[in-house]
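Read the structure below first, then the notes.
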Amino acid sequence: MNEEKKKALQSLKTARGQIEGIIKMIEDERYCIDISNQITASQSLLKRANLLILKQHIHHCVKEACNENKADEKMEEIIQVLEKIMSK
18 MNEEKKKALQ SLKTARGQIE GIIKMIEDER YCIDISNQIT ASQSLLKRAN LLILKQHIHH
78 CVKEACNENK ADEKMEEIIQ VLEKIMSK
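In this text, residue positions in the sequence shown follow our numbering: the first is 18, and each later residue adds one.
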């Protein structure tokens with residue numbers, strides 16, 4: 018597993034812990050703003066993980082496809098992901 022994937026995995030595990038904490042906060046009827054702040058923190062971790070995975074994809078999969086003159090498909094995949102991200 019390369020470094021980007023390791024970092025992404027760590028971010029996802031941290032987000033999982035935060036989400037479990039958020040569920041507990043809701044069950045315990047904690048203050049809404051505190052819950053919202055934790056949700057925002059979890060979203061940031063998920064975005065970071067996504068960026069790391071995309072970075073890994075570009076540095077490895079897209080680079081390999083370029084070396085094999087097969088970059089068009091990989092580039093289209095990246096464009097589709099960016100369209101999803103930007104349409105939110």
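Each residue gets a CB set at the ideal place from its N, CA and C atoms; glycine is no exception. Bear in mind that the values here come from a model prediction, so they are computed numbers and not experimental data.
Secondary structure of residue 64 (DSSP, three-state): helix. In the assembly as shown, residue 60 is an exposed residue. Its beta-carbon has fewer than 16 other beta-carbons within 10 Å. Each of 94, 34, 29, 83 was checked against the Cα of residue 66, and the nearest Cα belongs to 29.
When rounded, the separation of the alpha-carbon atoms in residue 20 and residue 45 is 37 Å.
Under the rule that a run must span 4 or more residues, the alpha helix (DSSP H) segments found entirely inside the stretch 33-90 read 49-73, 80-84.
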